[in-house]
Every structure is written in structure tokens, then in C-alpha cells.
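There are 6 protein chains.
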Amino acid sequence: MVDRFFQPVSGMDLPRFAGVPSFMRLPHLGMDHPRIGDVQIGFVGLPWDGGVTNRSGARHGARQIRDLSTMVRAQHPVTGLRPFEAVNCADLGDVNPNPVDNGDTLRRFQDHFAGLRARGIRPIAVGGDHLCTLPILRALAADGPLGLVHFDSHTDLFPPYFGGSALTHGNPFRVAVEEGLLDPGRMVQIGIRGTMYDSADRDFARDHGIRIVTIEEMFDRGIPDVMAEAREIVGSGPAYLSYDIDFVDPSVAPGTGTPEWGGPNAYDAMCVVRECRGLNIVAADLVEVSPPLDPTGGTAWLAASLLFEILCVMVEAERKPTT
Amino acid sequence: MVDRFFQPVSGMDLPRFAGVPSFMRLPHLGMDHPRIGDVQIGFVGLPWDGGVTNRSGARHGARQIRDLSTMVRAQHPVTGLRPFEAVNCADLGDVNPNPVDNGDTLRRFQDHFAGLRARGIRPIAVGGDHLCTLPILRALAADGPLGLVHFDSHTDLFPPYFGGSALTHGNPFRVAVEEGLLDPGRMVQIGIRGTMYDSADRDFARDHGIRIVTIEEMFDRGIPDVMAEAREIVGSGPAYLSYDIDFVDPSVAPGTGTPEWGGPNAYDAMCVVRECRGLNIVAADLVEVSPPLDPTGGTAWLAASLLFEILCVMVEAERKPTT
Amino acid sequence: MVDRFFQPVSGMDLPRFAGVPSFMRLPHLGMDHPRIGDVQIGFVGLPWDGGVTNRSGARHGARQIRDLSTMVRAQHPVTGLRPFEAVNCADLGDVNPNPVDNGDTLRRFQDHFAGLRARGIRPIAVGGDHLCTLPILRALAADGPLGLVHFDSHTDLFPPYFGGSALTHGNPFRVAVEEGLLDPGRMVQIGIRGTMYDSADRDFARDHGIRIVTIEEMFDRGIPDVMAEAREIVGSGPAYLSYDIDFVDPSVAPGTGTPEWGGPNAYDAMCVVRECRGLNIVAADLVEVSPPLDPTGGTAWLAASLLFEILCVMVEAERKPTT
Amino acid sequence: MVDRFFQPVSGMDLPRFAGVPSFMRLPHLGMDHPRIGDVQIGFVGLPWDGGVTNRSGARHGARQIRDLSTMVRAQHPVTGLRPFEAVNCADLGDVNPNPVDNGDTLRRFQDHFAGLRARGIRPIAVGGDHLCTLPILRALAADGPLGLVHFDSHTDLFPPYFGGSALTHGNPFRVAVEEGLLDPGRMVQIGIRGTMYDSADRDFARDHGIRIVTIEEMFDRGIPDVMAEAREIVGSGPAYLSYDIDFVDPSVAPGTGTPEWGGPNAYDAMCVVRECRGLNIVAADLVEVSPPLDPTGGTAWLAASLLFEILCVMVEAERKPTT
Amino acid sequence: MVDRFFQPVSGMDLPRFAGVPSFMRLPHLGMDHPRIGDVQIGFVGLPWDGGVTNRSGARHGARQIRDLSTMVRAQHPVTGLRPFEAVNCADLGDVNPNPVDNGDTLRRFQDHFAGLRARGIRPIAVGGDHLCTLPILRALAADGPLGLVHFDSHTDLFPPYFGGSALTHGNPFRVAVEEGLLDPGRMVQIGIRGTMYDSADRDFARDHGIRIVTIEEMFDRGIPDVMAEAREIVGSGPAYLSYDIDFVDPSVAPGTGTPEWGGPNAYDAMCVVRECRGLNIVAADLVEVSPPLDPTGGTAWLAASLLFEILCVMVEAERKPTT
Amino acid sequence: MVDRFFQPVSGMDLPRFAGVPSFMRLPHLGMDHPRIGDVQIGFVGLPWDGGVTNRSGARHGARQIRDLSTMVRAQHPVTGLRPFEAVNCADLGDVNPNPVDNGDTLRRFQDHFAGLRARGIRPIAVGGDHLCTLPILRALAADGPLGLVHFDSHTDLFPPYFGGSALTHGNPFRVAVEEGLLDPGRMVQIGIRGTMYDSADRDFARDHGIRIVTIEEMFDRGIPDVMAEAREIVGSGPAYLSYDIDFVDPSVAPGTGTPEWGGPNAYDAMCVVRECRGLNIVAADLVEVSPPLDPTGGTAWLAASLLFEILCVMVEAERKPTT
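The listed protein sequences derive, respectively, from chains A, B, C, D, E and F.
The opening residue of the first sequence carries number 17 in the numbering used here; numbering runs sequentially from there.
The opening residue of the second sequence carries number 17 in the numbering used here; numbering runs sequentially from there.
The opening residue of the third sequence carries number 17 in the numbering used here; numbering runs sequentially from there.
The opening residue of the fourth sequence carries number 17 in the numbering used here; numbering runs sequentially from there.
The opening residue of the fifth sequence carries number 17 in the numbering used here; numbering runs sequentially from there.
The opening residue of the sixth sequence carries number 17 in the numbering used here; numbering runs sequentially from there.
Dropping the structure here:
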């Protein structure tokens, strides 16, 4: 039974450039809305870039992605899935950050996602920089470490920056492993490339058994083969999907703070998500979209398109009994 | 008594770049919302540019103005007025246009504003191109012609274009006079400039007694003097305020389809609205903001700032008994 | 015998950024020019986007493509063909649209192309949005339906929009089939992708025997294989080539109103045209280039490059006896 | 008697964004056109920036100004003059530069303007950088030195650059005085400002009796007073008007290579030309528009608007007996 | 005696677009350079925007201002001062911020400016956001509170944000007064405008005797009159000059995070600095230039031009005995 | 032994957007610096585009590449090479061009590179347009012709332009062969594509035995196979690597004056350099980056990434005995 309340506005009725822009044109619900209890998958904006060590702007990501996401339609072109009819989806608004206090923000985010978890809502977080992932994991891994499928050009397993700062967008997965939020044996990082400071991040991965697939390996073996291995690694347990937009080549996604040349094109960028079908994705994020660095808004439009792909994978997981 | 429901979100709580963007961060109400009956002044988006004869893009105006309007705060810097506390304001969303059928769109718009009028809501329409003004006037002038204070670089009193089309963004005030929606003796057009096709529009103005203040006259006499005359002309009866963003110099407001050099700067652009205090403005519009022509978004930010000025004038009128 | 009159200016003589920009630097001829009778292939600008349901700007396409087309040189790099020496080509200017009256514009366009047909000029239309194709087909299919090779991310076979509007840029091929202008059995649509409203367009295709090649199929089989099938379908009869720039990936062609991620790169975008050699293309269009959405002008430069490829295919067809 | 051949296309017939763009939508005539003998005032493009010592791009100026000039209409808003009906105007195309050989280019330009002079055509040159002025003066001052009214932020009276190069865009007026092409006692330079290398240019002016009006003096005295003096200085003899777009403040005209803050706004930028009425302007130029430095195209649109003002002054001079 | 070592490269020798860009093309000296002891005025970059509560990007300010500052020449156009010959100036590089730890950064900045003070170098700090001013004041006010001349559209006297954060770019002058770093009786804030949260900042000013000149007052009285009062207020004691680029109208300086419409134009923006002649400015800053928000780089070019004006005022103060 | 003096600043210490930007954050040394004798590989900026026949702007290339190159880190992701530790690298600044005198500039450049050769410094030149290569070759080929591996979309073997100019960016390799600076039998040009004037360049190549690999051949055979042949052709003798950024597809590198569609993506753009390992590259250049044509700066970031790849190949060659 399709719940009309949770259906997005159609571009056949209201042109896609019109209307107050919510994610995918879904209803925008505050946490005190009477229908909040019926939401199954919620988009959550994280307008914050306090973890950025390089070029900023990701604080504007969620809003611009909302804007461009109004061009998304209702049906997947390959599978035919109509996700908004299959499960109840909503735009849950943004979580209030404190732009001048990282510690405060991390607490606010963690509390918010703990609240969603308590309600049984599977979140799709829209960043924001990659440090956003850490408080989400802290909220969601309360019952045990999660698996991780991670698309990125960087491992984000780096040691502290600037003489001792361990909480930046370059460290979240290192910290999450150290805090026991992720199961390193169920982690895979795909698309890694770019010049390196040194080998500290890769040493950490090797020491903890984290699987890194460089871009060279991905292109050599092909996406289907790599993703088959990724599904094997992550297994059937609850898993987190983290998609840093700088996974994609900067010619496709210029709007990001730390781009690295030599990444996949848009077709491959979508294919890797489609290959996550079958995983039990309990939460996901898409991060590091920085609108001020993208004069056309194309990066946000790609992000919206990828969010639809992520949503479809999660809808399929939601409909099956979870472990 | 301040009604908390109708207060905008403060940038001291949620940073101004965050959140789903509604006009001025006001609550976004559909026409079926339980509080709709309490709205006194409503912002209405008109995402349509079907009347444009030149460069388009104004269909995107309302959305980008919403986005930038989240930088507006709660108090007027000169008068100290706190408009959102004085009257109940809301974002009433966009009216559905039909982008490929101008006649259909004009009917839809007229019907919508007739509905607002029936509810006693004073509308501030956010265009959209200048043809949007016509269906609003058709809806609101049901009891008799209105006065008009009109800021623009063009008179929009032109005869038909393209071999006979009389419903374009160059004609609305000619048609409105012909239809008896405006009282030509209570009309004033300020800021007129730019190369001319011929003198047909000015002949029409002269023949009907419409007062045109060219930019040369405005700069020569000064704004206070010109606006004193304008208030005299418009008088105390119900009046409409129409603000075409191309009134402002293109160095300040490049994001518009038919810019004309030699207009006022931003300070003057705001002053002319402040000088409308005392008029009984029953409805207003701000039109012709075309985001694709403005890489910085500054034009939309100016538009949002002007809308706040317009709102303050209307709030003061709302609080006084109207004639 | 090369006709000097019809040769473009060389960049070795006048730098390519100089001069009044006509298509390919060809002579610009009005319909009353004394040499009009000698034109064999004519570029025709259609500065109109009245059929657009989403983001506009294609009205500016023809002019910016003219501008960038002055970087095209005289010889094809692979075949060695020198098209301007092989047949007489010209820039025939723009057809006057009526930007505020779609019905009027459709009539004007149809009349114009009927006139070209009467003179035996094969047109290459430069849009403008995809609704432009409909009046061209109405003019050219007077003797019977044409075949179609169609590159696009959308089928443009959609049912009416906005409560009943069947003449938008989303409907031209549906209407053309219904009006008998195209032979559905000789139609192929290549590159189709993107989220879907529903399956109505694909149902129409299936019911009428129109062949759709999705982007997934195109990438899986490869362009040579797909295009061999396309040539088979279209056959040796007169055919129309329609190229929507949104066929190409948005990273390559951001300047279009309804981009869909996951399309071909520039090399493939040119290859598909080269693979049309052998078809009897009697007319063609390239549509949906929207300059305001492309800060670098790259999309128009790609369009100009594709127009050269299309021209070369048509020149080869022109030189052979047609069926 | 108005000559229909020389009338521009009206935006009431063909929308202003449409058509092959010539200056002001005038007929585009080559020097071998049958009507060339009837041209009285001709716009000439100079697509060259070989004299630039700083940021380049002025080679693209003429084309972009053509593009934007299609928004100019037929009648002056203040005087009511309809210049295209008063004298025969045309777009005479671009003069071929040699982008890699400055000496060759200077000769080509001089020859071309000598040819126009022989035909009695008064040229309005559209640059290109300010060195373009020198070959024009060499061609036109054959019978004796001209007067000069010069709007600029720089005197362009500098000594040689880079260890001995005297032919750059910083030197044309120094060289012209030295070559006897200009009468220093009839020269006035208005708007001069910006940080200085040293005082060499002002010393040259003082030594030769050239009048420099700094921006400080212009703002202190006001434009009418300054321009009255300028008319006095230039007198009734034949005079040249040279307008460097960097005269205008960079907020208004960012598209230029060497902008200097603190210049006039657009209104004043037009007023100074209007105040040239009564001078016997036999030729003029507008230079230093650099499109790659202006994302909105506004600078070119201002340039087109200024060219219309210049044209009107020249038309009035053309209609009166010259000294 | 001019010290050749401290002279900037001339654009007559190396074109202004060439070379590694240091501030004003001055020598770039680290703190361990052998000539550091001879520096009298040093430009210091502060690449940090950790205090921003709204749109960020000021971390990129110092670098882009360096880039554009290479267009500054050696001599003041009005006074004739050649500042680089009068005192020894240098680019002292950037101070290392910690982009993810505001407390750490504030300490680093304070320590650095304390070191400059110990060496007797008068700093001109180039931000960075306005919170940068606080650690500078903490370092420089060791011997007693300073006077302040402050150009801005905001008072930056606000109470804490986001539920208790008092160290943002909206608070530095409130905190500085509370810490006794500034003498409120010798403070003047000029150009204040824009919508207000409430009156808390103005109440603080009134209670402490800080003089606020709103933009309305500035325009009404004129700059000379206002600045005469400002000099009176600040007096002859050591004073700090703080210039927030958002003092200037957004049409002139779009590249800033919190623009407010209705500010001065570029001419006035420079005049207010010139009117500071006679003050004993011991240190200065120019802050809030955000390059990602300015597609043309014009804001940084204005900032560089203003820095030259500030430098000239400080050079004149440096040459006179200080109180 | 790593020489600390020659190590770049780490982004772990100073954020990558901070500091005065030198190439790769290396020390910036003038030719009179005491450590100049220890430099092994030097980056040299050539801020000049006097050879450009089409769209200019490459004069700004070196500076913007310096800016973006501060995002490069210290270690190669595939080979693990840490080039800055392996050999002493430095930024040697820009060579002074004369922007208005091509002959003078060519002499200055040649003299400068002769000086580097005398000191035994292997240069990596950063353009600037492709004519820059000629004076470098003139300086470096004093002992005999060099081999060449050349990535480009154009052969740059064209005959003279504009009626006789043989020294443009379209001719350097033709002239170099004619002057005996290159050994045509050891030359390979890869990636050639785009419409052609005629076949004059390819005839020259065939007549002299220069190997041209078109883009079609490169894509058909694959990069490893093509590059194996390239290494075979160039052999073990001293060779020059010339990389024109327009080798890369314009979707990836829009910031160049003469882009040609259908080139390689960023991954392939880097791979071709990696496949040069084993060649004895004694000098290299990267040219034709034109920042004004690239709103995002992405082209310069790609150029910086490619320069790192080129550096790594040269470091490996430097460490081995040369022939």
C-alpha cells in the first residue's frame, strides 16, 4: 500500500525548478511531526565543514543537493524500483551544527542520530565533510561494530594533523576503528589514489586488516569483480555505506575540497552503488560536496543522483529481514 | 502578542546557510494548513518566465531568493520594526505554472491570488517575470482599480510584440490600464531609462495621465523629493507596489534579463522603498530576478533585502486602519 | 569544382576569435540572397525554448554555437573529407520565433522548413529545445514518414505534462509518430537513461515497435555493434538525425536543461555520428544547448564539433543518389 | 529620407537574443559591398591585444560587444535622436590582425583606416587594446593633428616598458604626440587614477600642455563643469574620442585587463559622453574590453551602451557642417 | 636612503601577472631571515576562517590578495608618497593556523604578533575572518588599551552565538573591550547597516561609550565630516585600524561571507582610509575577503588597493614620532 | 641523505591553502641564491603567450599552477617514490618575458635555459604557450638534437600563419626540426586529433619520419602498447618531454586556448607519463594552461598533478647514469 503522504511531488505537476526544495521533493518533517513515527528512511542534512583541513564549503552541501535533487524522478531506470512507494521516506531537515565549536557539533550530531536509531529510522546523511561520519557511527554502532563499504580517493585513516589534531576529515575511519565502531575485517575502501603524505594510513589499514582497493586495481579488474569481493568482505551483517564525492573524477565532480585526478566517470560512480545490492546497508552518507567550488552545480546534481542510487539499495535492504 | 509559530528561525540558533530554505526562514504553509487562516502577509513564489521577450531565467527567481533570504534577520536597522512579531507572515509556497501554456498559467495565477484575497491575506509575490503582475491585479482589483508605485527601468506600457502578442512582460501595465485594474491617475513609474524602440509607451502614459519619472529626473531632484510626489500621486487609497529588479543598476543586479545601465545603487534601491512608508500597500511584487545570469547570487540577495523593506512598509500599512 | 563563394574563412588568415560569427564561418545568406538557389546544405538557427518543461536557456543555443563554431577547420581528421569543398554549405540565419506564443512559433518554423524543402536545401537545424524537431518533421515528411536515428538521454515519448500539454520538449517523437511523420519501425533511440517518471514512454515505444537502446546496453555491447544495428533499423530510406546534447555526459556537456549522469564521453559522442555513415540523412538537428548553464562555453564548442561530424555524414549522403 | 537598408533589426520583430550578431544589428558590409559608398559611420572591430602589458583578452572584445549590442534599441531616451535614421550606419566587420606580429598588425590597421578615410566614412573602432588607437590616428591625422577627448584611468603617456618597448597599450598618446598626430593643446584626459609607477607620464603631460583631470578633480567639480572645460580645450576642430572601458569603476566594468578602483558609475560613464555634444568628433574608439575577465558579459553590454551614446554624438556632428 | 632590498619588483620590468606572488611584490621574509631586523612594516597573512558563523572562504583571502596585489604600483596618486622607499616593508608570510582547533589557532596568532611586537615591526594583517583581530589585539595591547577606527557593516559586538559561543567573527570587539584591549572611549565604528538580530550590540556600544556611525549617518553627513569626528575620537594615541571588506557595498566587493547591501562605492571605500591620515596607526588588518564567493577576483583586487592606502597612512605615522 | 633545505612544506603542518605559493611548496630560489649550485631539477615559470594564434591566457598559467600545486603531497601513490628526497628540487621563479616583443622574449628565454644548462640543472618549464618550447630546445640542443615524446592534440608542425609568420604556437616542432634541434627519427607525437586546416603538417611528419599517433590509434591499441612503441622510438638518448594540456579532453582540462574534443580522461592523462619511465628525460615542459578560460581552476590542478608525474620520471632518470 502506497502511503500518499510520503510521495514526492511530480515534475509532471509542478515543474522541477519550482517549490520549496526538500530532498527528492519529499515531505519535510521535523522530529515533532505527527507522521515521524512512520518514517522508515530519512534524509538528514549536516551543514557543517568543521573537520576540513583543506578547502572548505561543504557546509553548503546539503542545501544545494536539496535544490538539485528536485530533478530526481520516481523510478529506477534499470531495476524499475519505485523506492518512494516501497518504503516511507522523508526529508528530516538539518541537524544544528555549531560552526565554531567542533566538539559541541560532534555531540549534537551523535545525539541526533541516536534519536533516529531509537525511532528505527534508517538515515541517509548528506554532508558536510567526512568528519560527519564519526558521530553517526558513534550513534549507530552502539550494539557492535558495523561493516563498511567506503568510496573515496582518500583512506581517511591518517594520523593527527597540525601537531596533534585527531578529529579532522582525514581521520574518521582511523578513530572509528580505534573506538570499535567499525569491524576492520568487514571494511573495504575503494578508489584510493592521489599523492601521499607518507604510508601511515596504509600501514594502519594493513595492520588492522582493512582492505584497500586502489583506483589502479579497480580499473584493472573492473567494477563487477571488485564489488563482488567488496560484498564478500562486508558480508551479510549490518553495514554502513560512506560515499565521499571525491571518489569521482574532478572533471565530473569539481565541487569538492580535496579533489584527486584519475577517478571514475559518472557511469562508474553510479555502478559501484548498484553493485552494493544485497548488502544490508543500515545507514549511509554522501559527503564533501562543496558548492562554492562548483560554478555549475553539477556536483550537487551528481550527488542527488547518487543519493537516489543509495536509497534504492537501502530500500531493497529495508524490505528484507535484517540480521 | 507575538505568535511563536510565525517567527523565523534565528541565525543565532541555526546558521543561516542551514535548513530547508523558505522565504525569510518563515514557516512554509500550504493552503490547507490549519494555521493558514491566521496569516496576514504571505510570500508567494511565481516560478515562471513565459512572458519574457528577451533573456529568460526568471522562472528560477523564487527559489534562489528563498535561498538567499535566509540571511535576513528580524529587525529593521533604521526604524527598529520587528515585522515578524508585528503581523503573522508565512511562506505560502509556489503557485504551479504551466511552463508551456501562457494562457493556462495566467488563469492559474489569477485563481490563486483570488483565493488569497478571499482569505484576507496580503500577498508579496516573488517572480517570475513582469507579466506575473497582470493576473495578480486581475485578482485583486475586483472592487475597483488600484494605485501603483512602480520601480523599473522600463514602463512596460508597450504595444504588442512579434506581430501581435499583447501579453508579454513588456505590456502588463498597458493591459491593466486598458482592463481598468489600475487607476492611471494614481500611477507613478520611477527610474525609466535605456534606449527606446520608439515613443509609443510614453505616448500611452501621457494620454492616460500616468506619471513617468525618468532616471535623469530622479537623480536631478533626489529621491526624497521624487518620492514625496509619488506618495501624493498614489494617495491614501489601496495601492500596489511593483518592483522590477532591473530598476537597479546592472552593476548591482546583473541577474536580470533586460538590464539597462545607469540605474541607482543599492542604497538608493532600498531608500525608494523606505520612502513608501505611509502608502496603503495592499499587495506587492518583486520580479525579473534571473539566477542563471548572476554567478554570485548577489541579485537574489539584493532581492531578499528589498523584500524585507517592502514587508516592513506593508506591515506598517497592515497595522493601520485601511481606507 | 570548388565554389569559392561557399568556402569558410580560414583561421590561417583571420584568427578564429575574429569576425562576425556565422556557423563554421560560412557565408550568411538570407532567403532572398542571389546565391540561395545554389545552397545544398544549410545551417538554420532556432532561437527558441518554448517547449522546455524544466530549466531553460536553449533560446541562446544557436548564437553561442555560431560563436564557438568559428574554431572548426576545413578537413575531417579521420576521413580526410573537406565538406565545404564537396557541397555548397551556408548559414541561413535564424528563423523568427515568437517567444510568448508556442503555437505561432511552431507554425513559423514549419513554414520555414517547408520553404527550404521546396528549394531542395537539406537543413541542419541548431536549437533551441527538442520541441523544435516537431515542426521540422511536419515540413519534411510531406511525402511520407521518415526514419530516425536519435541520440538522447530521454525518449521524448512522454504523455502530456501539467495536466494536458502535449506539445513540450518531452513529447515531440510521440506526437510525430501519432501524426505519421516518423516510421516507428525505422526509429532507434540511443543513450536512454536517468530516473523515470514511470514506464509510459517505454510502453509507447514497445507498442509501436520503436527500438530503444539504453545507455547500459550501449556500453555493454559497444558503439560499433549498436550502431550497426541502428543502421539496419533505419535502412536506406530517407532519415532524420536528431542529436540532443544531453545524450552526452553532463561532465562533458553541462550546458543543458535536463542533464542525466552516466552518459558517453566526448570521443564516443563523436563516434556515434561517424557510425551513421551510409545512412541517407536528409535533415538533422542538434538541440538543447543552454549557454546560461555553461560558464565555459564548452558545451557549445562540443555542439559545433558534433555539427561538423553531422555535416560530414550528410555531405557523403548528398553526394550519393538518394532513394 | 530614411534608408531602409541601413536600419537595424527590431527586437519587436526578431527577439534580441536571436540572429547573427552584428554591431547594433546593423547590416554587415565588407569593403567590396555595393552599398559601401553610402556608409557614413562605420563600426569596425579590432580583434587584437598585442599591445597589452598586463592581463590580456581584449582580442575577444569586438565579438562579445557585437553579441551584447543586439540589445540596443533605436532611439535615445533623452534626446529622442534616432541615429540610424539620421545617418547611414553599418558594421564593417573586423580588420585582420596578425596576433604574433605587432608591427605587421599596426600596418594593417593603419592601411584599413586610411581606406575608410578615403571613402569619407567616420569610423567607430571597437577594440582591442589601447594600442589600437595609434594606427587609427596615423591614418586619420594625415592633414594635421587632431584634438582628443580621452576617458581613462590611465594617461597612456608612459615611457617605454620592459627595457625599451615604446609600442604598448601604455604609450599610444605619448607616441601620437611625438609623431604630431594629436595637438597636445587640444587634448584632455579625464578620470585618471590608480597607483603610479612614477611621475613620468604626468611630467610629459605638463611639458606638452596636455590637460589631465584626475578622478578626484572630476568628482569634486562635477561632470558638467569638467566637461565644459573639456569642450573648451578641444574646441571646434576635428577631434577624436577615445574611451577606455577602465575609465569606469571595476564594479561596473570588471572585464578589463588593468582595472583601477574608484571610478565613475554607469550613469556618469554615459553622462560624460552625452556632454561631448557639440564637439566635432570625426572618429572614436572604445577599447580594453576583455571578455574572459567578465563572467556575466556586463562589461560588453556597458560598452555597447556607450557605443550608442558615442554614435549619437557623432551623428549630431555628422549632420552639421564640419570645420 | 632607499634600501634596495626592500623595493618591490616593477611592472615595467617583470609584467604584473608574472612571478611568485608576495604582497605588493615585496621580498618574502621568514622570521629567521637575516634582514628581518630591518623590517618596519610587515604584511602578515592569516589563512583562517574558524570564527565564521555564516558563509566561509576567508581562509583563502590572504593568498588571493597576494596574487592581485602584484598589480599595485609604487606611488600614491594623490599624495605622491612612495611608501616602499620611505620605510622598509616586507611580506612576512602566513601564520600557521590550525583549521580544526580555534583555541589553538588563537594562541598561535597571539604568539606570532607578540613576536612582531617584540621586534618593533608594525603589522598589517591580511585575513582571514574578523575573529583574527582578537589575538592581534591581545598581543599588541600589552601596555594598555588601543584606540580603534573600524570600517564594517557590522559592529561585531554581538553576544555569544549558538547557545554560548563567544569567540566568533561576530564578537571580537565585545570581547576586546571586556578584556581591556581597546579603550571604548577611543573607538569608532563606521558604516554599520543591515538587518539586525536585535539591539544587543548597540546597547553594548551605548553602555560602553563606543561611537557607532551608521551608513545612513555617513551618507547624510559626508565622509570628511564623519572622519573628522573619528579622528577626534581616536585621538593621538596608538590606534588600531580594522577594515572589514563587507564595509563596502556587495556590488563592489561580492567576495565576502556576510554582505550587506547599501554600502559605499570603491571611491568612498578608499577615501575613508585617506581620511585616517594623522592618526597614529600602530597596526591594522583587512579581513573577510572570501575568494570562493567572487568569480572575478575583484574583491581581492580592491582589498589590495585598500591595503596600499592603509600602508600609506601607516608609513606617514611611522615617520613621525609617536606618542 | 635527504637535504632538508629542499623539502616542501607539508600540508600536515601548514594547511595547503596557506603560504606564499611556490611550485610544489618548494623553496623559491633566484639564480643568485647561495644554494642554486645544489639544485638538480628546477621548475621554471614562463609567463608568456605571445605565440598564441587563437584564444590567449596562457601567460597566467605558471602562477595559477603554482597556486594549485600546493595541494601536491610528497610521495607517489603507485611507485612510492619520494622525489623531493631523492633529488634536490626548487622553484626557480619566472623568466622575464617581453609581452609586446616576441623576438626579444625568445632570446631572453633561450639565454635563461642556456644558463640552467651551464649549471647542470634539469628544467621543468611551466608555460606559457607552446612556442615556449622552441627557445628551450635552442638552449638545450647545443650538443646535438634531442629525442621527443610529445603529448598534444595538435602536431604543431604547421607552416607559417597569417601570411608568413613561422614563429607561433603552431610551429615550434617544425622549426625545431628545421634547425636541427630535434632528431625527427626519435620523435613521437601522441593524441593528435581535431579538424584540420589541410594535410601540410602530416606531410611534413611523413617526409621527415616523425611518428604521429592519432587519438583513434591510441584508443584502439591502448596506452601500454602505444607507449612501448614510443619508448622504442625515443630510445635511450637524451630526450625532451613536451606536454600540451590540450592533449587531455576539454571536459577535464577546459582551461586552454585551442581545445579539441575526444581526448583522454585524467587517468589516461597521467598514465601516459608513467609509461615514460625508463626514458632519459633531460628536460620537460607543460604548456597551454589558460586560467581565464577555466572558472574552477581544475585545469591548473591537473597540470600540477601531471608535473608531479613528470618530475617522478625525471627523478628516476636523474638517478641513473645518463648517456
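All C-beta atoms, glycine included, are put in the ideal place defined by N, C-alpha and C.
None of the values given here were measured: they were computed from a predicted structure.
Is there a C-beta anywhere in chain D that falls below 8 Å from the one on C:R227?
In the third sequence, residue 227 of chain C corresponds to position 211, counting from 1. Not one chain D Cβ lies under 8 Å of C:R227.
Residues of the region 19-32 of chain C in Cβ contact with chain D at a cutoff of 9 Å, in chain order, please.
D29, L30 and P31
Taking Cβ to Cβ, would you say C:L156 is nearer than 8 Å to C:G58?
Numbered from its first residue, the third sequence carries residue 156 of chain C at position 140. Numbered from its first residue, the third sequence carries residue 58 of chain C at position 42. No. Outside cutoff.
Tell me the rounded alpha-carbon separation between E:P31 and A:A182.
Counting from one through the fifth sequence, the residue named residue 31 of chain E turns up at place 15. Counting from one through the first sequence, the residue named residue 182 of chain A turns up at place 166. Roughly 44 Å separates the two Cα atoms.
Pick helix, strand or coil for B:T86, following the three-state DSSP scheme.
Counting from one through the second sequence, the residue named residue 86 of chain B turns up at place 70. Residue state, collapsed to three classes: coil.
Given that B:S267 touches chain E, what residues does it touch there, using C-beta distances under 8 Å?
Stepping through the second sequence from its first residue, residue 267 of chain B is reached at position 251. Under the 8 Å cutoff, chain E gives S267.
Starting from the Cα of B:D83, find the closest Cα among B:G67, B:A285, B:R41 and B:D110 and give me that residue.
Here residue 83 of chain B is taken as the residue at index 67 of the second sequence, counted from 1. With distances taken between Cα atoms, B:D83 lies closest to B:R41.
On a Cα-Cα basis, can you pick out the residue from C:M17, C:F21 and C:M28 that is closest to F:A216?
The residue given as residue 216 of chain F occupies position 200 in the sixth sequence. With distances taken between Cα atoms, F:A216 lies closest to C:M28.
Same chain only: Cβ atoms within 6 Å of A:D172, ignoring 5 sequence neighbours per side:
For the purposes of this step, residue 172 of chain A is taken as residue 156 along the first sequence, with counting starting at 1. Result list for A:D172: H146, G186, P188 and F189, in chain order.
Only counting runs of 4 or more residues, tell me where the alpha helix (DSSP H) segments fall wholly within the region 181-228 of chain B, in order along the chain.
188-194 and 216-224
So, for D:V331: in the same chain, excluding its five sequence neighbours on each side, which residues have a beta-carbon less than 6 Å away from its beta-carbon?
Taking the first residue of the fourth sequence as 1, we reach residue 331 of chain D at position 315. P99, A102 and V103.
Counting only beta-carbon separations shorter than 8 Å, does C:R98 have a partner in chain B?
Taking the third sequence and counting its residues from 1, one reaches residue 98 of chain C at position 82. Chain B, which has no Cβ nearer than 8 Å to the Cβ of C:R98, makes this no.
Count the other CB atoms within 10 Å of the CB of F:A244; is the residue buried (16 or more) or exposed (fewer)?
Counting from 1 along the sixth sequence, the entry for residue 244 of chain F is found at position 228. Exposed, because fewer than 16 other Cβ atoms sit within 10 Å of the Cβ of F:A244.
Counting only the same chain and skipping the five closest in sequence on each side, list residues whose C-beta sits under 6 Å from that of C:D19.
Here residue 19 of chain C corresponds to residue number 3 of the third sequence, with the count starting at 1. In chain order, N104 place their CB closer than 6 Å to the CB of C:D19, counting only its own chain and leaving out the 5 sequence neighbours on each side.
Can you name the start and end residues of the beta strand (DSSP E) that F:A106 belongs to?
Within the sixth sequence, the letter at position 90 stands for residue 106 of chain F. Looking at the DSSP string, the run of the beta strand (DSSP E) that includes F:A106 is C105 to D110.
Under the three-state reduction of DSSP, which class applies to C:S252: helix, strand or coil?
Position 236 of the third sequence, counted from the first residue, corresponds to residue 252 of chain C. Coil at C:S252, not helix or strand.
Would D:T69 count as contacting chain E if we go by Cβ distances under 8 Å?
Stepping through the fourth sequence from its first residue, residue 69 of chain D is reached at position 53. D:T69 counts as touching chain E.
If you run the structure through DSSP and keep just helix, strand and coil, what is E:Q121?
On the fifth sequence, residue 121 of chain E is found 105 positions in, with the first residue counted as 1. This sequence places Thr at residue 121 of chain E; Gln is not what is there. Here E:T121 sits in helix by DSSP.
D:V116 and F:N118: beta carbons closer than 8 Å?
Position 100 of the fourth sequence, counting from 1, holds the residue named residue 116 of chain D. Position 102 of the sixth sequence, counting from 1, holds the residue named residue 118 of chain F. Going by C-beta atoms, D:V116 is nearer than 8 Å to F:N118.
Beta-carbon within less than 7 Å of F:G294's beta-carbon, same chain only, minus the 5 sequence neighbours each way: which residues are those?
In the sixth sequence, the residue the question calls residue 294 of chain F occupies position 278. For F:G294, same chain residues with a beta-carbon under 7 Å away, outside a window of 5 residues either side, are R247 in chain order.
Can you check which of these residues, B:L164, B:I137, B:L322 and B:L153, is closest to B:P200 by C-alpha distance?
Against the second sequence, residue 200 of chain B aligns to sequence position 184. The shortest C-alpha separation from B:P200 is found at B:L164.
State the CB to CB distance for the pair C:V229 and C:I208, rounded to an integer number of angstroms; the pair is presumed to be in contact (CB under 8 Å).
Residue 229 of chain C sits at position 213 when you count from the first residue of the third sequence. Residue 208 of chain C sits at position 192 when you count from the first residue of the third sequence. Rounded, the Cβ-Cβ distance is 7 Å, consistent with contact.
Within 10 Å of its beta-carbon, does E:V94 have 16 or more other beta-carbons around it, so buried, or fewer, so exposed?
Here the question's residue 94 of chain E lines up with position 78 in the fifth sequence. That one is exposed.
Grouping DSSP H, G and I as helix and E and B as strand, with all else coil, what is C:F22?
Counted from its first residue, the third sequence places residue 22 of chain C at position 6. C:F22: helix per DSSP, three-state reduction.
Looking at chain D, which residues of the region 208-227 of chain B have a Cβ within less than 9 Å of any of its Cβ atoms?
I208, R209, G210, T211, M212, Y213, D214 and S215
Just to confirm the assignment, what range does the beta strand (DSSP E) spanning A:P161 have?
To locate residue 161 of chain A, count along the first sequence from 1; it is residue 145. Premise fails: A:P161 is in no beta strand (DSSP E) and is neither H nor E.
Could you give the distance in angstroms between the alpha-carbon of D:A158 and the alpha-carbon of B:S306?
Numbered from its first residue, the fourth sequence carries residue 158 of chain D at position 142. Numbered from its first residue, the second sequence carries residue 306 of chain B at position 290. Rounded to whole angstroms, the gap between the alpha carbons of D:A158 and B:S306 is 50 Å.
Closest by CA to E:P270, which one among E:G73, E:V250, E:F33 and E:G35?
Reading the fifth sequence from its first residue, position 254 is the one you call residue 270 of chain E. The shortest Cα separation from E:P270 among E:G73, E:V250, E:F33 and E:G35 belongs to E:G73.
For the region 95-128 of chain C, enumerate the residues whose C-beta is nearer than 7 Å to any C-beta of chain B, in chain order.
Taking 7 Å as the Cβ-Cβ cut-off against chain B, the residues of the region 95-128 of chain C that qualify are N114, P115, V116, D117 and N118.
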